[in-house]
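Colleague: Attaching a single structure in structure tokens format; questions to follow.
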Amino acid sequence: MTVITRFAPSPTGFLHIGGARTALFNWLYARHHGGKFLLRIEDTDRARSTDAAIDAIFDGLDWLGLVPDEPPVHQYDRRERHAECAMRMLAEGRAYRCWCSQEELEAMRERARAEKRPVRYDGTWRDRDPAEAPPGVDPVIRIKMPRSGETVIDDRVQGRVVVQNDELDDMVLVRADGSPTYMLSVVVDDHDMGVSHVIRGDDHLNNAFRQAQVFAALGWELPAFAHIPLIHGPDGAKLSKRHGALGVAAYREMGFLPEAMRNYLLRLGWGHGDDEIISTEDAVRWFDLDGCGRAAARFDLDKLTALNAHYLRLRDDDELVDLVVPRLEAMGHPVDATGQARLRAGMGGLKQRARRLDDLAEAAVFYVAERPLALDAKAAKLLDDDGRARLADYRAALVGDAPAFTQEALEAHARAVAERLGVGFGKLAQPIRAALTGRGVSPGLFEVMVALGRDEVLARLDDAVAGRA
RNA sequence: GGCCCCGUCGUCUAGCGGUCAGGACGCCGGCCUUUCAAGCCGGAGGUCGCGGGUUCGAAUCCCGUCGGGGCUACCA
């Protein structure tokens, strides 16, 4: 059997972390089995669906590299087909029209609550003669649920889950305005799209029972279900948009890399022994539903950040330059060809120390900032009278001895100068760092010098000695 | 309220009848060292929610209990 999975978000907000993980699992499962990964936009709720949200979902998936194998299906476009299926159920006696008003339904619920009985539709119109229908009222179409027996879902993650059929009420399939509801649409679309495995959040576990009955009423085979646990916020509750949960775009802006995000999301609720760093290739090779946990997980920014730092160091220097330049420019530091070259030369040391793209950019500022440099507090302290005096000596030695401008030669020379001055190497190195970078912390000194180039180094030393910086 | 799911260090997890309950993030200390990272080494941190069973032996099986979550719409 060909494996076909699908990610089916409703476009009522950005793509959040939970949706991203669901998409990832579906994508991985399809890839692992050489099947297809499809995307369906569940936009049947016209009031809440927006084009902006649809774009955000496309952008988010694209950034994460979870590209569907076929053009996305927009559920609303298929409403005729959905209604047609409902009509068939009606014709076959598997569904019926219901003329209950909202008020009647509300009263029904109130009564049930008062009597401490389960709150659900009581089947008023199930056997009532349609001839008794009140005039001028548009009916909804409800499914005729079995009233005895049980519905079993052999969930690939949750295991065998059973519910008594009398817990299921005759839910609405088609609204009074003729539009299909989610319960009908998912089933018809999953069937028509040939979906073999429905992998989704376990907030849909209860829906699976209802949908199983729709599949049965339509005479269709049930797909395999896999309900994965939800991701909770720090407060332990379901992640929701109005809950301060962020869209994937926000993480991109914070400087996270998609490969880090994929690795992190994969480990949230799925495990493969003690493996933590899992490349996408290995993820595809290893992913299965058995590895999914059943407990909800909490999102941990620190761990995502640690993974991100790892993947940052793995990236090519040139790619990182491209990623960091827009950030530097946004920070008010235009990057010209010279700046680009310096960034490329210095990226090795820079990326080793960064955790995200934003602190990478922050740490790279000194390569592209205009002289004289602004000093941070630590650098200012390093450039006191003593420090500046040592810098003057060092500058003179650099010009006088004219060592080759390579890391090795510069280091050997600087160490010799420190010895000549009778100070520990650190006493000389730190003021140099402050002069060249304006900071007390930076990548290796000689890497910085080489990246900056001799002229710039001398100019920055001059600035520092003269107290300009 | 009803139904369904879940419960191992702070967090993510490994574990599937016999392990000193392992790893990762975070935290603490050390080494390295021109700063900071990285790397390496070491440490603190879990009576496996709780209570009963079953068993020679339970985090692992059963029952109960408590706690958390989800669903209970003419939303998806």
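For our numbering, add 147 to where a residue sits in the first sequence, where the first one is 1.
By construction, the Cβ of each residue, glycine as well, lies at the ideal position given by its N, Cα and C atoms.
A quick note: this is a predicted structure, and the numbers were derived from the prediction, not measured.
1) Express the C-alpha separation of Trp210 and Pro370 in angstroms, rounding to a whole number.
2) Thinking Leu412 and Ala167 are a contact (beta carbons under 8 Å), I'd like their distance in whole angstroms, please.
3) Can you find a heavy atom of the ligand SAH that lies under 7 Å from the Cβ of Phe154?
4) Run the CB neighbour count on Thr191, radius 10 Å, all protein chains shown included, and call it buried at 16 or more, exposed below.
5) Could you name the residues of the same chain whose beta carbon sits closer than 7 Å to that of Val612, not counting the 5 residues immediately before and after it, in chain order?
6) Could you give the DSSP three-state label for Arg489: helix, strand or coil?
7) Under the three-state reduction of DSSP, which class applies to Leu185: helix, strand or coil?
8) At 4 residues or longer, and completely inside the segment 507-590: list those alpha helix (DSSP H) runs for me, N to C.
9) To the nearest angstrom, how far is it from the Cα of Gln222 to the Cα of Ala155?
10) Expressed to the nearest angstrom, what Euclidean distance is found between the alpha-carbon atoms of Pro519 and Arg607?
11) Relative to the alpha-carbon of Asp350, which residue among Thr584, Val309, Gly165 has its alpha-carbon at the smallest distance?
12) Using 8 Å for Cβ pairs, my map puts Gly380 next to Ala392. What's the rounded Cβ distance?
13) Counting only the same chain and skipping the five closest in sequence on each side, list residues whose C-beta sits under 6 Å from that of Gly493.
14) Please say whether Leu352 and Val308 have beta carbons closer to each other than 8 Å?
15) Would you call Arg586 buried or exposed, if buried means 16 or more other Cβ atoms sit within 10 Å of its Cβ?
16) To the nearest angstrom, report how far apart Phe552 and Gly600 are at their CA atoms.
17) Would you identify the three-state DSSP class for Thr298, choosing helix, strand or coil?
18) Which ranges does the alpha helix (DSSP H) cover as unbroken runs of at least 4 residues, wholly within the segment 350-383, from first to last along the chain?
19) Determine the contact status of Ala291 and Arg322, defining contact as a CB-CB distance below 8 Å.
20) Using only the alpha-carbon positions, how far apart do Leu459 and Leu605 sit?
21) Where do the ends of the beta strand (DSSP E) carrying Ala278 lie?
22) Within the continuous alpha helix (DSSP H) that includes Thr152, where are the two ends?
23) Under three-state DSSP, which class holds Ile201?
24) Tyr223 lies in the alpha helix (DSSP H); which residues open and close that run?
25) If I measure Cβ to Cβ from Trp367 and keep anything under 7 Å in the same chain, skipping five residues before and after, which residues do I get?
26) Roughly how many angstroms lie between the CA atoms of Gly569 and Asp506, to the nearest whole one?
27) Can you name the start and end residues of the alpha helix (DSSP H) that Tyr176 belongs to?
28) Going along the chain, which residues of its own chain have a beta-carbon closer than 8 Å to the beta-carbon of Met340, five neighbours each way excluded?
29) By Cβ distance below 7 Å, which residues in the same chain neighbour Trp272 in space, the five residues on each side in sequence not counted?
30) With Tyr243 as the anchor, note down where its beta strand (DSSP E) starts and where it stops.
Modeller: So, from the data block:
1) 29 Å
2) 6 Å
3) Judged by which ligands are present, the structure shown has none, so any question about the ligand SAH falls away.
4) buried
5) Arg535, Leu538, Ala539, Arg542
6) helix
7) strand
8) 524-529, 532-548, 554-568, 572-584
9) 9 Å
10) 7 Å
11) Gly165
12) 6 Å
13) Tyr514, Ala598
14) yes
15) buried
16) 8 Å
17) strand
18) 352-364
19) Checking the sequence, you will find Lys at residue 291 rather than Ala. Contact: no.
20) 32 Å
21) From DSSP, Ala278 is part of no beta strand (DSSP E); its letter is neither H nor E.
22) No alpha helix (DSSP H) holds Thr152; the beta strand (DSSP E) holding it covers 151-154.
23) helix
24) Here Tyr223 belongs to no alpha helix (DSSP H), and DSSP marks it neither H nor E.
25) His338
26) 37 Å
27) 164-179
28) Ile151, Arg153, Leu185, Arg187, Val220
29) Tyr243, Arg244, Cys245, Trp246, Cys247
30) 242-245
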